[in-house]
Structures are given as structure tokens and as C-alpha cells.
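Read in order, the letters of the sequence shown correspond to residues 203 to 507 in my numbering. C-beta atoms are modelled at their ideal positions from N, C-alpha and C, and glycine is treated no differently. Remember, predicted model here, so these are calculated numbers, not experimental data. Have a look at the structure below, then the notes.
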Amino acid sequence: MTATIDTPPAAPPQGITLRIDGQPVTVEKGRTIFQAAEKLGKTPPHFCYHRDLSVPANCRMCLCEIKDNPKLQTSCSTIAGEGMEVSFEAARVREAVAGVLEFEFKNHPLDCPVCDQVGECKLQQYYMEVGLYESEVETPKVRKDKVKNLGKITLDAERCVLCSRCVRFGNEVTGTDDFVIVNRGDHAEIATFDDRPITNPYSLNYADLCPVGALTSTDFRFQRRVYYLDPVATVCPECSNGCSIFADRSLNQVFRFRPRVNPEVNRSWMCDEGRLSYRGWNTSRGRIEQPMVREDGRLVAATWQ
203 MTATIDTPPA APPQGITLRI DGQPVTVEKG RTIFQAAEKL GKTPPHFCYH
253 RDLSVPANCR MCLCEIKDNP KLQTSCSTIA GEGMEVSFEA ARVREAVAGV
303 LEFEFKNHPL DCPVCDQVGE CKLQQYYMEV GLYESEVETP KVRKDKVKNL
353 GKITLDAERC VLCSRCVRFG NEVTGTDDFV IVNRGDHAEI ATFDDRPITN
403 PYSLNYADLC PVGALTSTDF RFQRRVYYLD PVATVCPECS NGCSIFADRS
453 LNQVFRFRPR VNPEVNRSWM CDEGRLSYRG WNTSRGRIEQ PMVREDGRLV
503 AATWQ
């Protein structure tokens, strides 16, 4: 006879309740203010934060005001506490975020009309939200390399906001350490060793990670403006992993595959082979594009009726 020991059920995670801009929200203990705000449907402005990477809190865009705290705090790195009263709408928060943006634009090129990131650029989005139409910074811009081909990725160092997402992805996810930050101050920029091309089989994730137009997909560059694309949620057919993806299409043509967040399967990533397999869906002669019926042992085109 085998003795069995009943394992007590795991205790439910402890929850804490705080208020964000007057709205109460309950989250698991250990969650950050940023994550609590997301639960309310409010995503604070950010460049460096990414759900699947470490939290450096270096962009200073997600600042918030906490009652009885004399200084503004970065919401991405501050753990939510019971009874906290947090504000993202306070006047000094908005003023601080506008100041951070102003310094980002100090050396950022104003080439939005020719930038491939238009429509997906966080810097452009926050600029419009904050209404920062005039600048008090009049110093000359620091010029850096433009359009450097790194294989599947194209680098424009002038557009970089030094969020360090690419550096952390190569270090923490793929272990390839493709990018590093070199130089200091205004002259700091991301670079690969000796400007070598990136051979990492997950390299196109850099284009997704970049919040601005510094790292773009060489394959997708200037193919179609993103606001003309219709994203369709689907599954990558290339292997048994079945990564969750978006197929971005326009005029009955697929222009790119992008990863769709799925913590249980592919998190926020997908491999380059799967990403570039969209080409086959546009050129395959065996692709079924309309209803077919079998007549006399062969398939012939039919109508939906």
C-alpha cells in the first residue's frame, strides 16, 4: 500500500491596492507602478522599458508623482505599495516628461517624412501628445552615421535615443551581444564590433524593439507605410513551435510577419526564418486564393455561391 500525502493548495498571490490618477487598482505584490497603470489601460510613455527585458530605468519618460514623496519616480522600476497615491497627470510630471523629450530632440534629425518608422515611432507619438512644438535648445546638432547596412538590420545612429533595448536583447535573450554603446555624452551611440553585420538568427527582433527609426528591417524598408497595413492575428506556419504573429497585409499582399506577444509560446520574439517566410505566401503558385471544387478528378475554380 502506498501512502499519499495531500499537498495543500497553493496560497493565492497577495494583492495590494493603490490609486493611480484617482482610480483604484489591485495588483499582485511585487508588481511595479508601470504594470499597475497598464492594468488600468494606461501605458505610461517609455523608451527603455520592455516587458521581456531587464529594467534599467534610463530613459526617464515614465516618471510619476507619489504622494508624500518629494521626488518624481520612474514607474517602471518602482514597486507598487499598499495605499499608494500615484499621479501621471500632475503638472510637474508633465513638465518633466516634456523636458526629457526636449533633450531627446536636441540631436534627433527632423527627417520624419523619409523615416521608415513613421506611424510606429514612439518619439513622434509622444511629441504629438505632449505638444512640444517649440524648443529652447539652440545648440548645433551632433551628426552621426546615416544608413549603415548591418545585414538584415539597417542602422541610423542619428535617430537613436539610447534606450539600450537592443543591447539588453543581445545580452539577455540571444546571448550574442551584437550591440554595445560606445563613446560618451552627446557622442554616445550604439554600434557593432568593427561595424560587422549581425548574423544572429533572431536579428530582426531588433527592428521591433527599437522605439524609433534607428534600427529598421532592411527587407521591409520603404515597402509600405505602416498605416496602410492591415494586421491579421495568426500563427507562423514554418515550424511546430507555432509562434503567435501578425501578418501585415495590404491590397491582398503580405508585406511582413511580426511577433505577437504570447508568454506561453514565443513571448515577444520570432526567428528570422519564420519572419521572412511571408515571401512565399505572395509568390507560391500552390497557394489557394479562391474556392475550388473537384470535377472529373481535378480541382477547378468556383464562386463563393
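Just how far apart, CA to CA, sit residue i and residue j?
i: Phe448; j: Asn271; result: 42 Å
i: Asp380; j: Arg469; result: 20 Å
i: Thr341; j: Tyr328; result: 22 Å
i: Arg264; j: Glu374; result: The question names Arg, yet the displayed sequence has Cys at residue 264. Straight-line Cα distance between these residues: approximately 23 Å.
i: Gln237; j: Lys308; result: 30 Å
i: Ala292; j: Phe457; result: 42 Å
i: Asp450; j: Pro315; result: 21 Å
i: Leu274; j: Gly217; result: 24 Å
i: Gly444; j: Val467; result: 8 Å
i: Asp432; j: Ala409; result: 19 Å
i: Glu230; j: Asp474; result: 35 Å
i: Gln492; j: Trp506; result: 8 Å
i: Glu297; j: Glu267; result: 12 Å
i: Gly377; j: Met494; result: 48 Å
i: Lys324; j: Asn484; result: 30 Å
i: Ser442; j: Arg462; result: 16 Å
i: Val349; j: His310; result: 15 Å
i: Ser405; j: Glu331; result: 31 Å
i: Ala282; j: Ala300; result: 24 Å
Report yes if the CB atom of residue i is closer than 7 Å to the CB atom of residue j, and no otherwise.
i: Trp471; j: Asn402; result: no
i: Gly415; j: Arg361; result: yes
i: Ser277; j: Ile222; result: no
i: Phe305; j: Pro246; result: no
i: Arg370; j: Leu255; result: yes
i: Tyr430; j: Ser452; result: yes
i: Lys343; j: Thr420; result: no
i: Val363; j: Phe249; result: yes
i: Leu242; j: Val227; result: yes
i: Thr418; j: Asp498; result: no
i: Arg367; j: His252; result: yes
i: Leu357; j: Ile400; result: no
Buried or exposed: residue i, going by 16 or more other Cβ atoms within 10 Å of its Cβ?
i: Leu303; result: buried
i: Ala504; result: exposed
i: Ala259; result: buried
i: Pro439; result: exposed
i: Glu322; result: buried
i: Lys346; result: buried
i: Arg233; result: buried
i: Leu220; result: buried
i: Pro413; result: buried
i: Phe424; result: exposed
i: Arg496; result: exposed
State the beta-bridge partners of residue i as determined by DSSP.
i: Gln225; result: Ile222
i: Val375; result: The partner list for Val375 (beta bridge, DSSP) is empty, contrary to what the question assumes.
i: Gly217; result: Glu230
i: Ile355; result: Ser419
i: Cys362; result: Cys362 pairs with nothing; no bridge assigned.
i: Leu265; result: Thr276
i: Val382; result: Ala393
Would you mind listing the alpha helix (DSSP H) stretches within the segment 388 to 442 that are 4+ residues and don't spill past its ends, in chain order? The qualifying runs are 407 to 411.
What are the start and end residues of each continuous alpha helix (DSSP H) run of 4 or more residues lying completely inside the segment 279 to 353, in chain order? The segment 279 to 353 contains these whole alpha helix (DSSP H) runs: 293 to 309, 324 to 332.
Mind pulling the beta strand (DSSP E) runs of 3 or more residues that sit fully within the segment 436 to 506? If only complete runs of 3 or more residues are kept, the segment 436 to 506 shows the beta strand (DSSP E) at 446 to 452, 455 to 461, 494 to 497, 500 to 503, in order along the chain.
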